Every structure is written in C-alpha cells, then in structure tokens.
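See structure below.
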Amino acid sequence: MDTVRFIVGVILPYLALGVFAGGMLYRIWVWRKLASPPITLFPAPPDASANAWNTVQEAVLFKSLFRGDRGLWLLAWAFHVVLALILTGHLRVFTHADALLARLGLGEQDIQAMSSGVGGAAGVAILVTAVLLLVRRLTVRRAREISGAGDYFALLLIGAIVVTGNMMRFGAEHFDLNLTRGYFAGLFSFADVSGAPVLQHNVFLLHMGLAWLLVMLLPFSKLLHFGGIFFTHQLIRKH
Ligand code: HEM
Numbered sequence: 073m074d075t076v077r078f079i080v081g082v083i084l085p086y087l088a089l090g091v092f093a094g095g096m097l098y099r100i101w102v103w104r105k106l107a108s109p110p111i112t113l114f115p116a117p118p119d120a121s122a123n124a125w126n127t128v129q130e131a132v133l134f135k136s137l138f139r140g141d142r143g144l145w146l147l148a149w150a151f152h153v154v155l156a157l158i159l160t161g162h163l164r165v166f167t168h169a170d171a172l173l174a175r176l177g178l179g180e181q182d183i184q185a186m187s188s189g190v191g192g193a194a195g196v197a198i199l200v201t202a203v204l205l206l207v208r209r210l211t212v213r214r215a216r217e218i219s220g221a222g223d224y225f226a227l228l229l230i231g232a233i234v235v236t237g238n239m240m241r242f243g244a245e246h247f248d249l250n251l252t253r254g255y256f257a258g259l260f261s262f263a264d265v266s267g268a269p270v271l272q273h274n275v276f277l278l279h280m281g282l283a284w285l286l287v288m289l290l291p292f293s294k295l296l297h298f299g300g301i302f303f304t305h306q307l308i309r310k311h
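Printed below as a string of structure tokens:
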C-alpha cells in the first residue's frame, strides 16, 4: 500500500502534468496543421471582432447547441457551469485562497458556510447532471449510435471523481484542507512529500489519482472539444 501511496502521491502528479503539457503541445501542433481553406460558411460574421465574439458565445453559452437541441443544451450547459464552479472552488484545496477571501471581508465562518453550502450543492448537482447525460447517451438511439467506449469511459471516470469528492465533502469527519495545502505546497517546491499525512487518507488518494488520470487523458480524448472549438470555429467562419 505504501508503494501505491508513493506512486499516486509523489510520482503521478509530475507525470500527469508532463503528459498533459506534452499532449497539449502535440494537439495544438495538429490543429495548426489542419487545412484552412479560404471558404465562407453561412452565416459568417462580418469582421474579425464579430467572429471572435461569436466564438466566445459558442464557448460560454453553447449558442449553436441552444438552437439545435434545447434539452441537451440545458443538461450540458448546467453540467459545465457546475464543473467550472467546482474547479474554481478547488483553489481552496491547492492554495491559501482563504487569505484572499478574508481580505474581501469574509470571516472564517462565512467561508466555511459558503464552501459547504455552494460546494455541497455543486457536488450533488454535478452528479445528477452527469447521470442524466449518461442516461441520455444510453437511451436516445441517435446518441447511442454515435457513442464509443471513450465517451462512456470519460463519463464514468468523471462520475467516479465526483462520487469520491462527495464522499470527502459529506463524510462523517470533515476533510481538513490544511493537509492538502501543505502537501501541494511541498509538490510545487519539489520537496519530499512522501510522508504527507493527507496521503494516508484513502478516499483522497483515490479522488486525486482518478483526477490525475483525467488530466493525462484530456489531450487525447474528446473532452478536449473545449480547446478545439477555438480552432474550428475560427476556421469555418473564415472569409
Ligand atoms: C488533483 C486534483 C484534485 C484534488 C487534489 C481534489 C481534492 C478534493 C478535496 C480535498 C475535496 C474535499 C473538499 C471539502 O470537503 O472541503 C474535493 C471535493 C470534490 N471534488 Fe475534487 N480534487 C481534484 C480534482 C477534481 C476534479 C477534476 C473534479 C471533477 C471532475 C473534482 C470534483 C470534486 C467534487 C464534485 C467534490 C465534492 C464537492 C466539493 O467539495 O466541491 N475534483 N476534491
């Protein structure tokens, strides 16, 4: 078990970030190499700034999906907004973001109340939307036909990360974030973190290990559609 703790807690973080950085460089290189024919597809925004604004609307509001499939839009948009909220909340896991919140006038109790209220609700909401997205993939024939193993794997992996995150959030004894902050400060400064107390927490180890797996998978999976959109939307709207 100590070997597993060492691999997940000490080796995996650096490995995952390395694979992610290398994979992203490769992806960007592939995207840049894509054919970029001088065609205009309707409706093309009149100039470059309108084009950029359109891309932003696509990325933030999922504009085309809203027009195409209102039900899927609602689910997908809710899922992504809650995910963004959760990832922002995770800044408290990695850093002393509380000091910043305190400067904004929030007391320790306010921060805890906000964290458990918003974090707890977000944890449940993302689980519900992820399950609904999976059910849709399995039950809507059109969606099932175009789904591959990679799609199911990504959803199940995210589901497992969410469930283990919720286990920490709603567990009998509340998780002490000072432990994760000390551990990540050690990782960032390349100190020896093999004896970090947080690595003794099995659910945390599983949650983090699965999250690093997701990070490594990102550049090579469809989950990277978020990056691709900036290339393809610029491409199809080109004059
Ligand atoms: C290395 C990366 C990550 C670490 C170290 C980490 C760590 C943590 C910790 C310590 C908690 C408990 C927070 C508390 O109870 O106060 C938590 C909760 C949670 N995590 Fe993560 N996490 C990581 C990545 C992710 C990712 C990628 C996702 C989503 C796909 C995620 C989803 C959640 C959820 C849904 C919760 C419960 C709700 C909440 O507290 O916001 N985590 N995580």
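Take any residue in the sequence shown, count from 1 to its spot, add 72: that is its number in the working numbering.
Glycine residues also receive a C-beta, built at the ideal position from the N, C-alpha and C atoms.
Only a predicted model underlies this, so the values are computations on that prediction, with no experimental measurement involved.
- Secondary structure remark: continuous alpha helix (DSSP H) runs of at least 4 residues inside the region 142-187, in chain order: 142-161, 163-166, 169-175, 180-186.
- The Cβ neighbour count for V80, taken over all protein chains shown within 10 Å, is at least 16; the residue is labelled buried.
- The region 180-190 and the region 160-170 touch, with three or more beta-carbon pairs separated by less than 8 Å.
- Only residues of its own chain outside the window of five on either side were considered, and among them G195, V196, L199 have a CB closer than 8 Å to the CB of N238, listed in chain order.
- Burial is judged here by how many other beta carbons sit within 10 angstroms of a residue's own beta carbon; L210 has fewer than 16 and is exposed.
- When the Cα atoms are used, G191 and D248 turn out to be separated by approximately 15 Å.
- In this structure, the straight-line span from the alpha carbon of D264 to that of G254 is close to 12 Å.
- K135 and A202 have their C-alpha atoms spaced approximately 21 Å apart.
- Distances from the CB of M73 to the heavy atoms of ligand 1 are all 7 Å or more.
- Distances from the CB of T252 to the heavy atoms of ligand 1 include at least one below 7 Å.
- For G189, the CB stays at least 7 Å from every heavy atom of ligand 1.
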